[in-house]
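A.B. asks: Have a look at the structure that comes next, please.
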Amino acid sequence: MTRDSDRPLLLWFRQDLRLADNPALCAAVASGQPVLPVYILDDETPGPWKTGGAARWWLHHSLTALSRDLRALGAPLILRRGESRRMIDELVRETGAAAVHWNRCYEPFARKRDEAIKAALKQDGIEARRFNSALLHEPWTVENKSGEPFRVYSAFWRACLAKGDPEKPLPAPDSLVAASAPASDSIGDWELLPTKPNWAKGFESAWTPGENGAHKRLTAFLDEAVNRYKAERDRPDIEATSRLSPHLHFGEIGPRQIWHATRAAMAAHNLNEASAEKFLSEVGWREFSHQLLYHNISLPEHPLRPEFADFPWHENDKALTAWQHGQTGYPIVDAGMRELWATGWMHNRVRMIVASFLVKDLLIPWQQGEAWFWDTLVDADLANNAASWQWVAGCGADAAPYFRIFNPVLQGEKFDPDGAYVRRWVPELAKMPAAHIHKPWLAPDDVMRQAGVTLGKSYPNPIVDHGTARDRALDAFSRIRKAA
DNA sequence: TTTTGAGTTGTTCGA
DNA sequence: GTCGAACAACTCAAA
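Here the first sequence is numbered in numbering that gives the first Met the number 0, starting from 0 and rising by one per residue.
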């Protein structure tokens, strides 16, 4: 009879692809049991939100990095593909594991899946332990004075800050007892990378997936750009944001690490305090989105405000395609959509602009924008994506008011004043002068000639007139107000 | 207990 | 050219 302490412990990696500040890993090491790290590619658990295309590219590289880091500790990462519950069951039986550890996920389908797995393990006398690696505070621990979850961001974040510092991040273990390894898939066989065509070519120069890349990014940000964050974070033509979102989504770095690293840098380098606080408050928006999803499981599919169920959306496949391909004729919108396609990421300010354009200028259902982002963003995250689209559409928590309809020309002129961002992503407008680059249809003929731009040929005419579209959107919103 | 004021990210209009 | 008001409805907390 094998003693329990000799039986292996499955360490189930999911959206926590890191060794530092990984509570499930630390507890596994502390148990003294041999540790068997495993990742399961699960396209079979029912649910509409399979990992999107761009995120698969990231996942491939992140798993490769994690696998390398684990091997350095002497414990290879076991890869399996299939329904999570069946795979865990198989692995437990193959290895005689006595326990399974994992860090929590908050997607509704993941919670349901994990509950079922925990119950099944318990029934078989296998220990199942869950930990928090992904959030500063668990969603059920932040409540307003009535004991309800917050529905307004500022009050939510105030309450989080009042809780004081979140726990200090855990160090990465420097050694672990490895279990003898069962068979593993080879990551190449999972075909996570695009081939024909390879649309991810532009991703490689933009990103370094993996824990190491995440920390380099954070360090570089805290070194300098964080001081400019408050003033310049809305400028897509300037590198003033952290670009940590995909690293955060895959858990290559966690919010506790970001929190404490930022606070430490503030103390050590005399950082611009307001700027650093602003940065942390963006981490707060991520927390807010996660608790919204936790308390509202249909957030990705259905409007939080029920009256929006009757909103008069206009289905329009042609306009949707033009938006997706960056061919709307509005330069700032097209630049954003092309940046997204080329790099798997889009600057946050521009996300708001393109989202407002889809939802308010085109009146296309926000779920169609959400679906496109889900497939094309390397940082695609169910909570952030759903909450943010609902926020822009006006049907979410603490949402943008109905009358806030971004004017793509004004937004372009305000946040990309020289047109550098447009020139980078919409090269056919590269020779347009700044004064006209955000509204080429109003430019004089000689300016157009000199820039070599022919509307309708080298660059599209606007697919809608913004003024007309704005009136139409206000009318649509007033109709659900009356109906409500 | 009730009231009041403030609230991530905007635009337009008219003075 | 600049500036304030108006554009809902609701949540939350302070008074």
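Glycine included, every Cβ here is placed at the ideal spot set by N, Cα and C. For clarity, every value in this text was computed on a predicted model and none was experimentally measured.
Take Lys430 as the anchor and find which of Asp417, His248, Gly451, Ser477 has the nearest alpha-carbon.
C.D. replies: Gly451
A.B. asks: Measuring only the C-alpha atoms, how far is Arg480 from Leu298?
C.D. replies: 21 Å
A.B. asks: For Asp464 versus Ile331, is the C-beta spacing smaller than 9 Å?
C.D. replies: no
A.B. asks: Would the region 101-118 count as touching the region 184-195 if we require 3 or more Cβ pairs under 8 Å?
C.D. replies: no
A.B. asks: Under the rule that 16 or more other beta-carbon atoms within 10 Å means buried, what is Trp388, buried or exposed?
C.D. replies: buried
A.B. asks: Could you tell me the alpha carbon to alpha carbon distance between Trp284 and Glu276, rounded to whole angstroms?
C.D. replies: 13 Å
A.B. asks: Output the distance between the C-alpha atoms of Glu238 and Gly146, rounded to the nearest integer angstrom.
C.D. replies: 41 Å
A.B. asks: Using DSSP's beta-bridge definition, name the partner residues of His100.
C.D. replies: Leu10, Arg128
A.B. asks: Does DSSP classify Leu40 as helix, strand or coil?
C.D. replies: strand
A.B. asks: What do you get for Asn460, buried or exposed, if any count of 16 or more other CB atoms within 10 angstroms of its CB means buried?
C.D. replies: exposed
A.B. asks: Would you kindly work out how many angstroms separate the C-alpha atoms of Ser132 and Ser241, rounded to a whole number?
C.D. replies: 20 Å
A.B. asks: Whole angstroms are fine: how far does the CA of His246 sit from the CA of Leu78?
C.D. replies: 20 Å
A.B. asks: For Arg85, write down the residues that DSSP places opposite it in a beta bridge.
C.D. replies: Its beta-bridge partners do not exist; DSSP assigns none.
A.B. asks: Just to confirm before moving on: does the CB-CB distance between Phe249 and Leu16 stay below 9 Å?
C.D. replies: In this structure, Leu16 lies closer than 9 Å to Phe249 by Cβ.
A.B. asks: Applying the 10 Å Cβ sphere with the 16-neighbour rule, what's the burial state of Arg448?
C.D. replies: Note on Arg448: under 16 other CB atoms within 10 angstroms of its CB, so exposed under the neighbour-count rule.
A.B. asks: Express the C-alpha separation of Ala385 and Val349 in angstroms, rounding to a whole number.
C.D. replies: 17 Å
A.B. asks: Classify His346: buried if its beta carbon has 16 or more other beta carbons within 10 angstroms, exposed otherwise.
C.D. replies: Flag for His346 reads buried.
A.B. asks: Less than 7 Å between C-beta atoms, sequence neighbours within five positions excluded: which residues of the same chain meet that for Lys162?
C.D. replies: His136
A.B. asks: Which residue's Cα is closest to the Cα of Thr194: Arg55, Arg337, Ile39?
C.D. replies: It is Arg55 whose Cα lies nearest to the Cα of Thr194.
A.B. asks: Going by CA-CA distance only, name the one from Phe149, Ala154, Ala115, Ala98 that's closest to Ala127.
C.D. replies: Ala98
A.B. asks: Could you pull out every residue in the same chain whose Cβ sits closer than 8 Å to the Cβ of Arg255, ignoring the five residues on either side in sequence?
C.D. replies: Asp20, Leu135, Pro165, Glu166, Lys167, Pro168
A.B. asks: Buried or exposed for Leu360, please, with buried defined as at least 16 other CB atoms from any protein chain shown within 10 angstroms of its CB.
C.D. replies: First, the amino acid is wrong: residue 360 is Asp here, not Leu. Buried, by the Cβ-count rule.
A.B. asks: Per DSSP, what are the beta-bridge partners of Val34 in this structure?
C.D. replies: Leu8, Ala177
A.B. asks: Taking just the CA atoms, how far does Asp42 sit from Met0?
C.D. replies: Because Met0 sits at a pLDDT of 48, beneath the cut-off of 50, its placement in the model cannot be relied upon, and the following sentence gives the value as read from the coordinates. Distance between the alpha carbons of Met0 and Asp42: 37 Å.
A.B. asks: Tell me whether the region 79-99 and the region 221-228 touch, counting them as touching only if at least three CB pairs, one residue from each stretch, are closer than 8 Å.
C.D. replies: no
A.B. asks: For Arg79, report the span of its beta strand (DSSP E) as first-last.
C.D. replies: From DSSP, the beta strand (DSSP E) with Arg79 extends over 77-80.
A.B. asks: Please state the DSSP three-state secondary structure of Leu454.
C.D. replies: strand
A.B. asks: Given a cut-off of 9 Å, decide if Val353 and Gly343 are closer than it, judged by their beta-carbon atoms.
C.D. replies: no
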